[in-house]
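For reference, the structure is listed below as structure tokens.
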Amino acid sequence: MDDVSRTFAITIDLLDAPMSDYICVGYLLCRVPDTVEDAGHVPPAEKARLLRTYDDALDPASATGVDDFRAAVEEWLPADPDAPADWAVVRHADRVFAAYDAFDADVRAAMRPPIRELVGGMATFVEGSDAERGIRIGTREELDRYCYVVAGTVGHLITNLAALDTDDETERYLRARAESFGHLLQLVNIAKDVHTDYREEDNVYIPREWLQAHGVPIDELLAPEHRTGATAALQRVIDHARSFRTDAREYLERYAHGTDHHLGAWAVPYLLAIATLRELEGNLEDVFTESSVKVSREEVARVVSAFAVDSPDLSVLDGVERSVETA
Numbered sequence: 002m003d004d005v006s007r008t009f010a011i012t013i014d015l016l017d018a019p020m021s022d023y024i025c026v027g028y029l030l031c032r033v034p035d036t037v038e039d040a041g042h043v044p045p046a047e048k049a050r051l052l053r054t055y056d057d058a059l060d061p062a063s064a065t066g067v068d069d070f071r072a073a074v075e076e077w078l079p080a081d082p083d084a085p086a087d088w089a090v091v092r093h094a095d096r097v098f099a100a101y102d103a104f105d106a107d108v109r110a111a112m113r114p115p116i117r118e119l120v121g122g123m124a125t126f127v128e129g130s131d132a133e134r135g136i137r138i139g140t141r142e143e144l145d146r147y148c149y150v151v152a153g154t155v156g157h158l159i160t161n162l163a164a165l166d167t168d169d170e171t172e173r174y175l176r177a178r179a180e181s182f183g184h185l186l187q188l189v190n191i192a193k194d195v196h197t198d199y200r201e202e203d204n205v206y207i208p209r210e211w212l213q214a215h216g217v218p219i220d221e222l223l224a225p226e227h228r229t230g231a232t233a234a235l236q237r238v239i240d241h242a243r244s245f246r247t248d249a250r251e252y253l254e255r256y257a258h259g260t261d262h263h264l265g266a267w268a269v270p271y272l273l274a275i276a277t278l279r280e281l282e283g284n285l286e287d288v289f290t291e292s293s294v295k296v297s298r299e300e301v302a303r304v305v306s307a308f309a310v311d312s313p314d315l316s317v318l319d320g321v322e323r324s325v326e327t328a
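With our numbering applied, the sequence shown has no gaps in its numbers, which climb one by one up to 328 at the end.
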């Protein structure tokens with residue numbers, strides 16, 4: 002898991018079994034379609050077909066199984082042994098499905114709907130893209146829809162699993178804020194990965210209407226002559242991310258009080274997102290170059306170590322959040 006996502010690896014390490022197993026498998030089930038969607042070497046029409054096949058494999062009423070998906074994706078698996086670890090998850094999707102199938106029926110029922118909504122939504126976005134290009138987000142509304150598909154659904158996945166052993170009031174409170182939690186994290190990823198998304202995957206998630214408002218053609222967002230306008234459009238993405246912070250924080254507060262699960266599992270991703278926003282606002286122009294904008298390993302270690310106790314309370318979250326904001 003460390004090779005696929007260090008942040009999710011931290012989350013899983015902080016959770017006790019069986020929740021850690023549920024979240025691990027749920028994450029991997031989402032990572033497979035995410036890898037397909039991001040694949041720069043797979044044509045959009047083929048991506049959509051693969052995603053629809055994967056969705057069918059998740060449908061218990063369908064005759065399609067994970068072996069059908071594996072057969073369909075085989076020709077697109079990188080031969081390079083140094084290919085990103087994400088592709089190892091795709092290659093071994095059958096093992097991920099086997100782990101999922103081993104869960105009790107109520108757990109599978111909690112996981113399946115948001116994961117299938119994620120997969121189907123990704124397929125729809127890919128189907129709407131240009132045959133020769135990747136995804137181009139047009140409006141803020143389309144950006145919000147995309148964030149819901151790839152991250153709001155994950156917020157509901159987390160909430161569905163928490164709801165297996167919590168009260169109805171807590172479930173309702175968490176569910177009302179689950180999408181905001183996912184939106185915050187996804188918008189931070191979009192903001193920091195502008196260069197990689199465009200160069201490696203031919204995707205542009207900064208809305209066309211925001212770029213146009215600042216005189217930036219969407220397919221020239223990395224051009225130095227458009228840097229001032231592009232950074233202004235990027236700032237709007239960052240501001241939009243911040244608009245979800247209050248709900249995301251409230252999600253954590255109720256998660257801490259209303260469930261028996263480790264607060265740090267979701268506090269760490271939240272805090273690293275806040276730290277990344279701080280770094281982005283101090284280095285806006287770097288986002289459009291090969292220079293990466295990220296939180297230092299030392300700060301990540303400090304955030305994680307603060308939650309390396311059995312039952313951290315909200316005072317720990319408060320203290321780390323203050324330190325992240327002023328670093």
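Even for Gly, the Cβ is constructed at its ideal location relative to N, Cα and C.
Next on the checklist: Taking 9 Å as the threshold (C-beta atoms), are LEU253 and LEU264 in contact?
Outcome noted: yes
Next on the checklist: With a threshold of 7 Å on Cβ separation, who are the neighbours of SER312 within its own chain once the five nearest residues in sequence on each side are excluded?
Outcome noted: none
Next on the checklist: Restricting to Cα atoms, I'd like to know which of TYR149, PRO208, VAL301 is closest to PHE245.
Outcome noted: TYR149
Checklist entry - When the Cβ atoms of the segment 135-142 are set against those of the segment 198-209, are three or more pairs found closer than 8 Å? => result yes
Item to check | Rounded C-alpha distance that separates GLU18 from ILE24 | outcome: A small fix is needed here, since residue 18 is Ala in this sequence, not Glu. Approximately 10 Å between the Cα atoms of the pair.
Checklist entry - Considering only residues of the same chain and omitting the five flanking positions on each side of GLU133, which have a CB-CB separation below 8 Å? => result none
Checklist entry - Cβ atoms of LEU30 and MET123: under 9 Å apart, would you say? => result no
Item to check | Same chain only: Cβ atoms within 6 Å of ALA233, ignoring 5 sequence neighbours per side | outcome: HIS215
Item to check | Burial state of LEU235 (16 or more Cβ within 10 Å) | outcome: buried
Checklist entry - What residues are listed by DSSP as bridge partners for ARG137? => result VAL205
Next on the checklist: Starting from ASN284, trace the alpha helix (DSSP H) in both directions and tell me its first and last residue.
Outcome noted: Looking at the DSSP string, ASN284 is not in any alpha helix (DSSP H), and its letter there is neither H nor E.
Item to check | Buried versus exposed call for SER181 [16 or more other C-beta atoms within 10 Å across all chains shown] | outcome: buried
Checklist entry - Touch check for the segment 276-293 and the segment 187-194: three-plus C-beta pairs under 8 Å? => result yes
Item to check | Of the residues ARG200, THR247, ALA73, LEU186, the one placed nearest VAL269, counting alpha carbons only | outcome: LEU186
Checklist entry - Of all the options ARG250, GLU128, ASN190, which has the alpha carbon lying nearest to the alpha carbon of PRO45? => result GLU128
Checklist entry - What's the C-alpha gap between VAL325 and ASP169? => result 33 Å
Checklist entry - Taking buried to mean at least 16 other C-beta atoms within 10 Å of its own C-beta, is VAL310 buried or exposed? => result exposed
Checklist entry - If we ignore side chains and look at the alpha-carbon of each, how far apart do SER130 and ASP95 end up? => result 29 Å
Checklist entry - Whose CA, out of TYR174, ALA86, PRO61, VAL37, lies closest to the CA of GLU251? => result TYR174
Next on the checklist: Suppose contacts are defined by Cβ-Cβ distances below 9 Å. Is ASP39 in contact with ASP81 by that definition?
Outcome noted: no
Checklist entry - Quick one: any contact between the segment 155-170 and the segment 101-115, if contact means 3 or more CB pairs under 8 Å? => result yes
Item to check | Cβ pair ILE239, LEU281 closer than 9 Å | outcome: yes
Next on the checklist: So for HIS184, helix, strand or coil by DSSP?
Outcome noted: helix
Checklist entry - Between ALA307 and the rest of its own chain, which residues show a CB-CB distance below 7 Å, the 5 nearest in sequence each way excluded? => result VAL317, VAL321
Item to check | Nearest residue (CA-CA) to ASN190, options ILE275, ALA328, VAL217, LEU119 | outcome: ILE275
Next on the checklist: Mapping the DSSP letters down to three states, classify MET2 as helix, strand or coil.
Outcome noted: Since pLDDT at MET2 reaches only 48, below the 50 mark, its modelled position is unreliable, and no value is offered.
Next on the checklist: Which runs of the alpha helix (DSSP H) at least 4 residues long sit entirely within the segment 24-96? Give them in chain order.
Outcome noted: 45-59, 67-74, 87-92
Checklist entry - Using the C-alpha atoms, what's the distance from HIS227 back to LEU59? => result 44 Å
Next on the checklist: Do GLY121 and ASP56 count as a contact pair if the criterion is CB distance below 9 Å?
Outcome noted: yes
Item to check | Integer Cβ distance of ASN161 from PRO218, believed to fall under 8 Å | outcome: Actually they are not in contact, since the Cβ atoms of ASN161 and PRO218 sit about 42 Å apart, beyond 8 Å.
Checklist entry - Nearest CA to the CA of HIS42: which residue from PRO79, TYR28, ALA62? => result PRO79
Checklist entry - So GLY121 is in the alpha helix (DSSP H); what residue range does that whole segment cover? => result 106-128
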